Each structure stands twice: as C-alpha cells, then as structure tokens.
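Take the position in the sequence shown, starting the count at 1, then add 10; the result is the number in this note's numbering. Here's the structure, in structure tokens; my notes come after.
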Amino acid sequence: MELHKIVGFLDVNIYFLVNNEQKTAVIIDCGTDAKIVNKKASELGVKISHLLLTHSHYDHSGCAGELQRQGVKVYVSENDALKLNNSDNLAYCFNKEFDSFTPDGVLYDDQVLELNEISIKVKSTPGHTDGSVSFVVDNFIFSGDTLFYNSVGRTDFPTGDFNQLKNSVLNLYALDGDFVVYAGHGRSTTLENERKYNSFVKL
Ligand SMILES: [Zn+2]
C-alpha cells in the first residue's frame, strides 16, 4: 500500500491508499471538488474504486455523490448516512446545496474491509458527529475530525458530544503500540505524541 494525500476546501485532507500493482485506489474522504480528486488519480495512474467517509460534513463529503455517479463505491456509517439527506452535513453554512446520494455500504465498529488487497479496520469514534469513524490500516490511523495534532474535533455541531468524543479518543489511545495519525485537517501526528501531550483528552 502506498499513501498519497491532497488538500481540499477548508484544508481537508484527502487520502489515497494505492495498490500500485492493481493501479487502484481507495480514498478516505473526498472533499468538495471531484476535479482535484480525479486529477490526482490520473497523476497516480489509478482508478478510484472506493470512497470511505470518516463522517458526512460537507468539507469531507461534498463531491461524494459525483464520484459515486462516476462508479466509485461510497461507504459511510449509518448515523452519518442520515446526514447525506438533512442539513447536518452543514453544506448550507457555505451556501451550497448538498449533492445527496444513497451510500453503497454502511460502516460499523470493528468491521474489517478488504479492498484492493488492503485491510482496513473501522473504529467507531463518535463525538464530532454521532456517526464519525476512524480507519486503521497497518500502523496508520485515519482519524477524520476526531483526533488532530495536539487537538481534537469540535463538538458544537449537530449530533456532536464532547463526552462521546473523549471516550472515542481514549479508545484510540488504548490501541496497542504506536501509530501514525493522519487527521482530517492539518498535519499528521503519532498516537504516542497525543497520549503524552494532547491537552484536550488526557490519559
Ligand atoms: Zn467535520
């Protein structure tokens, strides 16, 4: 597996998990602009097979409907699938009409997806939204808006809850060993750094 990243609207991180032999990619979050996603895919010479959403906020999921019409299979948790059809995706905050769609698959806690020979474990990490998930791949965690470098996600949006978020972050801290944490915005960090220095959720 080879990892690539592009940055979209509101500095959202869009991750490409590439199988170079197959020339395929799974992407984690897609941002709002299918053009930059497709441009990266053609630069890498890969076909995007699946899109996994950490949650349904517009900045992470805005172009998911367009990618689905292109043939990409889109997966999201059950609770955040609801936000694809209501205002909780926050598109209205940016004066945008959300491009609603029905996901191809539902994500749930401890599910293991085998996609393009890449093993991806789903961890339910509610709190930023009630359906937020993180993904564990090898020694990487893709944490969406749950855990950031020396910070955590906001909990003042609809369905947000700080106590839930705290538990979710503690559940990530409880994973065995160290991981590189690739967050939904901003720089990456390590789980060990966050266990030691995160001032919002302390061990
Ligand atoms: Zn968010």
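Don't be surprised by glycine CBs; every beta carbon is placed ideally from N, CA and C. Please read all numbers here as calculations on a predicted model, not as lab measurements.
Output the distance between the C-alpha atoms of residue i and residue j, rounded to the nearest integer angstrom.
i, j, result
"residue 38", "residue 22", "11 Å"
"residue 56", "residue 96", "33 Å"
"residue 155", "residue 31", "31 Å"
"residue 119", "residue 142", "10 Å"
"residue 78", "residue 105", "22 Å"
"residue 103", "residue 71", "14 Å"
"residue 153", "residue 200", "11 Å"
"residue 47", "residue 40", "7 Å"
"residue 29", "residue 12", "7 Å"
"residue 59", "residue 210", "36 Å"
"residue 173", "residue 127", "36 Å"
"residue 190", "residue 198", "7 Å"
"residue 44", "residue 81", "13 Å"
"residue 73", "residue 182", "28 Å"
"residue 188", "residue 151", "10 Å"
"residue 115", "residue 83", "8 Å"
Quick check on this structure: which residue in the options has the alpha carbon closest to the alpha carbon of residue i?
i, options, result
"residue 42", "29, 28, 68, 48", "68"
"residue 117", "19, 88, 151", "88"
"residue 62", "76, 78, 79, 36", "36"
"residue 4", "194, 157, 145, 140", "Any question about residue 4 goes unanswered here, given that the chain covers just 11 to 213."
"residue 208", "12, 167, 163", "163"
"residue 85", "94, 113, 177", "113"
"residue 177", "101, 133, 50", "133"
"residue 205", "160, 49, 24", "160"
"residue 20", "212, 145, 121, 196", "196"
"residue 16", "194, 99, 185", "194"
"residue 158", "167, 149, 179", "179"
Mapping the DSSP letters down to three states, classify residue i as helix, strand or coil.
i, result
"residue 45", "helix"
"residue 96", "coil"
"residue 82", "coil"
"residue 23", "strand"
"residue 62", "strand"
"residue 123", "strand"
"residue 31", "coil"
"residue 193", "strand"
"residue 50", "helix"
"residue 206", "helix"
"residue 13", "strand"
"residue 179", "helix"
Within the same chain, show all residues whose beta-carbon is closer than 8 Å to that of residue i, passing over the 5 residues directly before and after it, in chain order.
i, result
"residue 171", "136, 137, 140, 165"
So, at 6 Å on beta carbons, what are the nonlocal neighbours of residue i in its own chain, with the 5 sequence-adjacent residues on each side left out?
i, result
"residue 26", "14, 35, 37"
"residue 75", "109, 111"
"residue 91", "113"
"residue 147", "130"
"residue 123", "130"
Once you ignore the five residues that flank residue i on each side, which residues in its own chain have a CB closer than 7 Å to its CB?
i, result
"residue 33", "55, 56, 57"
Quiz item: Can you list every residue whose CB sits closer than 5 Å to some heavy atom of ligand 3, going in chain order?
Solution: What this structure holds is ligand 1, not ligand 3.
Exercise. Report the residue ranges of all beta strand (DSSP E) runs contained in full by the stretch 129-175; include only those spanning at least 3 residues, in chain order.
Key: Entirely contained in the stretch 129-175, the beta strand (DSSP E) runs reaching 3 residues are, in chain order, 143-147, 150-154.
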